[in-house]
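Sequential numbering of the sequence shown, starting at 807, is according to this note's numbering.
Ideal Cβ placement from N, Cα and C applies to all residues, glycine included.
Bear in mind the structure is a predicted one, so any value in this text is a computation, not a measurement.
So the structure is just underneath, and the comments pick up after that.
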Amino acid sequence: MRTYVKIQKDGKEKLYYAFIQVKDNSLVITCSVSLFKSFKRIIDLSTISYLGEDQYYGGKRIIFSYEDEQFAIFESGPAVIADLHNQLSLKKEVINYGKYPRYS
C-alpha cells in the first residue's frame, strides 16, 4: 500500500510518499525521494515501541518509535490505516491513543 510517512530524528522531520508492506515480522518501508534516489527501511516489529493509532486532523495514523526515530504513517486512501492496523495487530498490540496524539 502507498501512503505518506513522516520520520522524525534529532528534532528534524522528513515527509515521504512510501510503499509499505508487512513481511514476516518486519515492516518494510520503501521511499522514493526523487526520480533517481530511493531508500528502503526494514523495521523489526519486535523492537518497536509506542506502537499506536490516533486521530490527526480528522484522519487516522499509525505511530511508533524505532531505535532513535519516530514514525507516523498517515491515512491516504480507503482502508490504508485499517489494513495496516490489522496486519500489525497480528504481530504486536496496537494502542489506541484516541484524539490526543503522543507526538505530532
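- Item | Per-residue burial, Asp816 [other beta carbons within 10 Å of its own, 16 or more giving buried] | When all chains shown are included, Asp816 counts as exposed.
- Query: Of the choices Glu899, Met807, Ile887 and Thr809, whose alpha-carbon is the least far from that of Ser912?
  - Reply: There is no way to answer for residue 912, as the model of the chain reaches only from 807 to 910.
- Task: My understanding is that Ile911 touches Ala878, with C-beta atoms under 8 Å, so please give their C-beta distance in whole angstroms.
- Result: As displayed, the chain neither begins before 807 nor continues past 910, which places residue 911 out of reach and without an answer.
- For the alpha helix (DSSP H) that contains Ile886, what are its first and last residues? Reading the sequence as shown, one finds Val at residue 886 and not Ile. Residue range Val886 to Ser895 is occupied by the alpha helix (DSSP H) that includes Val886.
- Alpha-carbon spacing of Leu896 relative to Leu833, whole angstroms: Cα to Cα, Leu896 sits roughly 12 Å from Leu833.
- Give the C-beta separation of Val828 and Gln893 to the nearest angstrom, bearing in mind that I take them to be a contact with Cβ-Cβ under 8 Å. Going by Cβ atoms, the distance from Val828 to Gln893 rounds to 4 Å, so yes, they are a contact pair.
- For the beta strand (DSSP E) that Asp816 lies in, which residues bound it at each end? First-last for Asp816: undefined, no H or E at that position.
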